[in-house]
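Presented below is the structure to which this report refers.
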Amino acid sequence: MVPPDYETPDTPLDHDGSMMQMGLDAPIVESLNGKLVKIPGFVVPLEGNNETTTEFLLVPYFGACIHVPPPPANQIVYVKFSEAVPIDNLYDAVWVTGTLTTKGWEGDLATVGYSLVGMSVTPYDG
Numbered sequence: 788m789v790p791p792d793y794e795t796p797d798t799p800l801d802h803d804g805s806m807m808q809m810g811l812d813a814p815i816v817e818s819l820n821g822k823l824v825k826i827p828g829f830v831v832p833l834e835g836n837n838e839t840t841t842e843f844l845l846v847p848y849f850g851a852c853i854h855v856p857p858p859p860a861n862q863i864v865y866v867k868f869s870e871a872v873p874i875d876n877l878y879d880a881v882w883v884t885g886t887l888t889t890k891g892w893e894g895d896l897a898t899v900g901y902s903l904v905g906m907s908v909t910p911y912d913g
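Here our numbering is used: the sequence shown runs in plain steps of one and ends on residue 913.
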């Protein structure tokens, strides 16, 4: 989801409490717009409770947007389900299947390059 010629900016981890996101204007891959995809990642819940969620950010590594600064916008997907889906353990990676769009999203935690209408969430199996 990162264009081949894009170099991810270095994000220094100095543990000073700063959560500034680098790469807010990171380029996206327009050819992915409208594609049915299956993407792995970690869940950062936005709506729901401790067992289910309807909206979340899918990030490439555990702790992104919560414990460490968010990755560039082209590495984050805003996911929305019409009905709540179970999330067993936030420490575990998942596969998310759905229709991807290049419509971005912006919230308190991060600026996001992609959105996805979710169809299913399953445990990551490698």
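C-beta: ideal position from N, C-alpha, C; glycine also.
- Nearest to THR898 by alpha-carbon distance, out of ASN837, ASP812, GLU842 and PRO832, is ASP812.
- In the structure shown, GLU817 adopts helical secondary structure according to DSSP, grouped into three states.
- Just so you know, the alpha carbons of GLN808 and PRO857 end up roughly 5 Å apart.
- Bridge pairing for LEU844: VAL831 and TYR865 [DSSP].
- Burial check for ASN837: the Cβ neighbour count within 10 Å stays below 16, so the residue is exposed.
- By the neighbour-count criterion, in which a residue is buried when 16 or more other Cβ atoms sit within 10 angstroms of its Cβ, GLY900 is buried.
- TYR865 sits buried, since 16 or more C-beta atoms from the chains shown fall within 10 Å of its C-beta.
- DSSP places ALA897 outside both helix and strand once states are collapsed to three, so it counts as coil.
- At the C-beta level, PHE868 and THR841 come within 8 Å of one another.
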